[in-house]
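As structure tokens, the structure follows; a few thoughts come after it.
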DNA sequence: AGAAATAGTGGGTGCTGGCCCACTATAGGT
DNA sequence: ACCTATAGTGGGCCAGCACCCACTATTTCT
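Residue numbers (this note's numbering), protein chains in the order written: chain C, 19 to 171; chain B, 19 to 171.
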């Protein structure tokens, strides 16, 4: 019987509060699904980067995904153990390790993408198709502007 | 010279990814500002609840903000130490502790709200006023639908 | 050749947020 | 009076995440 207990309107009036809450929920739900396969969000992001841009040297992955090189090593290690990526020393520069997506990796990524879309459908359920398209465009704009103030990277 | 290094389109195509990233950034930026005053997001949320709905017993705060009663105790304790709230035993039921916003608390909340709006203006800078109104409505719908699947509370 | 830079690892640390338990004080039921 | 339930509190735990350092292997610079 515990009524949902209305949240403070002062907060609900802030778009950023809604943004924060919905984003957090979305991430948590996807993370949950990935966890069921023993994966984390970084694994998916890494696979996505490899699928979209082809083989990377680890440094490139770190730069592209804005993650610590040391963490990239760990993630790639796990992906390799699962057979989703191959690691091979660059013959030209033997310090470098080229990371390539395997067939299994590509297949798994496709599945993960499906899961992600399911989560998304679930989250965006209250919106019509037109509205979903609308919010996507708006979010793209906002996202595109993120690297400005307070984040002078 | 490090180019922003484009993120994987597979991810950027997911509204939930954008939602997650923008929400995370928004939260982080506000948290930063609050930290400058020695406060956390929960402090602001608590003050907001008190301002919007009047005095609460701690249990009510916990229910309303969906936080652990134990954490409420800590947050209220800190707010009381800062003089933002008063705590008083309910004479009718001396187990209960009524929490009331003080003048200082109300004033501080107003300042925090201003900060939050600044962060929001910053985050939503790429959007026109009309678009900001639009995204707010859409986010309200999405937020309103959150407590459904995968969250059968 | 020697020095300095770079790629990758392994092993940590610190912060956070959410959560849970044990305990006290008080109240309510019978 | 006794038993149970409830409010608050203090302590601590765990998971996730970001970050950083030390070290090796290798390459590049001079």
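Positions of the beta carbon are idealized from the N, C-alpha and C atoms, including for glycine.
Cβ shell of residue 19 of chain C (< 6 Å), same chain only, five flanking positions each side left out = Model confidence at residue 19 of chain C stands at a pLDDT of 40, short of 50, so the residue's coordinates are unreliable; what they give is reported in the following sentence. Nothing listed; no residue qualifies.
message = Residues of the segment 25-44 of chain C in Cβ contact with chain B at a cutoff of 9 Å, in chain order, please.
response = So the close ones are 25, 26, 27, 28, 29, 30, 31, 32, 33, 34, 35, 36, 37, 38, 39, 40, 41, 42, 43, 44.
task = Assess, as a yes-or-no matter, whether the segment 30-42 of chain C is touched by the segment 36-53 of chain B under the definition of 3 or more beta carbon pairs within less than 8 Å.
result = Judged by Cβ distances under 8 Å, the segment 36-53 of chain B makes contact with the segment 30-42 of chain C, as three or more pairs qualify.
key: Status (buried if at least 16 other CB within 10 Å, exposed otherwise) for residue 82 of chain C   = By the 10 Å Cβ count, residue 82 of chain C comes out buried.
Closer than 9 Å at the beta carbon, the chain B residues around residue 90 of chain C = Listed along the chain, the chain B residues whose CB falls inside 9 Å of the CB of residue 90 of chain C amount to none; the nearest CB is some 13 Å away.
task = Name, in chain order, the residues that DSSP records as bridge partners for residue 118 of chain B.
result = Residue 118 of chain B pairs with B/104.
query = Under the three-state reduction of DSSP, which class applies to residue 55 of chain B: helix, strand or coil?
reply = Note: residue 55 of chain B maps to coil in three-state DSSP.
Reduced DSSP category for residue 19 of chain B - H, G, I as helix; E, B as strand; rest coil = Because residue 19 of chain B carries a pLDDT of 39, less than 50, the predicted location of this residue cannot be relied on, and no value is offered for it.
inquiry  = Quick check on the DSSP output: the alpha helix (DSSP H) that includes residue 163 of chain B runs from which residue to which?
reply    = Start and end: 147-163.
message = Quick check: is any heavy atom of the ligand SAM less than 7 Å from the C-beta of residue 72 of chain C?
response = Although the ligand SAM was asked about, the structure shown includes no ligands whatsoever.
Residue 25 of chain B (DSSP reduced to helix, strand or coil) = In this structure, residue 25 of chain B counts as coil in the three-state DSSP scheme.
ask   = So is residue 161 of chain B in contact with chain C if we call contact Cβ pairs under 8 Å?
value = Taking CB atoms only, residue 161 of chain B has a neighbour in chain C less than 8 Å away.
task = Drop a sphere of 10 angstroms on the beta-carbon of residue 147 of chain B, count the other beta-carbons inside from all chains shown, and report buried for 16 or more, exposed for fewer.
result = Burial is judged here by how many other beta carbons sit within 10 angstroms of a residue's own beta carbon; residue 147 of chain B has fewer than 16 and is exposed.
request  = Since I believe residue 37 of chain B is in contact with residue 130 of chain B (beta carbons under 8 Å), could you give me their beta-carbon distance rounded to a whole number of angstroms?
outcome  = Incorrect: roughly 24 Å between the Cβ atoms, too far for contact.
ask   = CB-CB under 8 Å to residue 137 of chain C, same chain, minus the five flanking residues each way: which ones, in chain order?
value = These residues qualify, in order along the chain: 44, 47, 48, 51.
ask   = Looking at C-alpha atoms only, which residue of B/111, B/115, B/102 is the closest neighbour of residue 125 of chain B?
value = In terms of Cα proximity to residue 125 of chain B, the closest of B/111, B/115, B/102 is B/102.
message = Counting beta carbon pairs with one atom in the segment 149-161 of chain C and one in the segment 55-73 of chain C, are three or more of them shorter than 8 Å?
response = With a cut-off of 8 Å, the segment 149-161 of chain C and the segment 55-73 of chain C do not count as touching, because too few Cβ pairs lie within range.
key: For residue 113 of chain C, three-class secondary structure by DSSP   = Residue state, collapsed to three classes: coil.
ask   = Going along chain C in order, which residues have a C-beta closer than 7 Å to the C-beta of residue 149 of chain B?
value = What residue 149 of chain B touches in chain C: 156.
request  = Just the chain C side, please: which residues come within less than 8 Å of residue 164 of chain B by C-beta, in chain order?
outcome  = Around residue 164 of chain B, the beta-carbon contacts reaching into chain C at under 8 Å are 39, 40, 43, 141.
request  = Report, in whole angstroms, the separation of the C-beta atoms of residue 70 of chain C and residue 28 of chain B, which I expect to be a contact under 8 Å.
outcome  = Contact flag correct, Cβ pair sits at about 5 Å.
request  = Output, in chain order, the set of chain C residues within a Cβ distance shorter than 8 Å of residue 144 of chain B.
outcome  = Neighbours of residue 144 of chain B on chain C, chain order: 159, 160, 162, 163.
ask   = Going along chain C in order, which residues have a C-beta closer than 9 Å to the C-beta of residue 77 of chain B?
value = Residues of chain C passing the Cβ test: none, with the nearest at roughly 11 Å.
message = Short of 7 Å Cβ to Cβ, which residues in the segment 105-134 of chain C face chain B?
response = Result list: 131, 134.
key: residue 80 of chain B vs residue 90 of chain B beta-carbon contact at 8 Å   = For residue 80 of chain B and residue 90 of chain B, yes; Cβs fall inside 8 Å.
Separation of residue 150 of chain B from residue 119 of chain B, as counted between CA atoms = About 31 Å.
ask   = Is residue 132 of chain C near residue 160 of chain B, with beta carbons less than 8 Å apart?
value = Here residue 132 of chain C is not near residue 160 of chain B, since their CB atoms are 8 Å or more apart.
key: residue 99 of chain B - containing alpha helix (DSSP H), residue span   = Note, residue 99 of chain B: alpha helix (DSSP H), 87-99.
key: Chain-ordered neighbours of residue 93 of chain B on chain C, where CB pairs are closer than 9 Å   = Within 9 Å Cβ-Cβ: nothing; residue 93 of chain B doesn't reach chain C, min ~14 Å.
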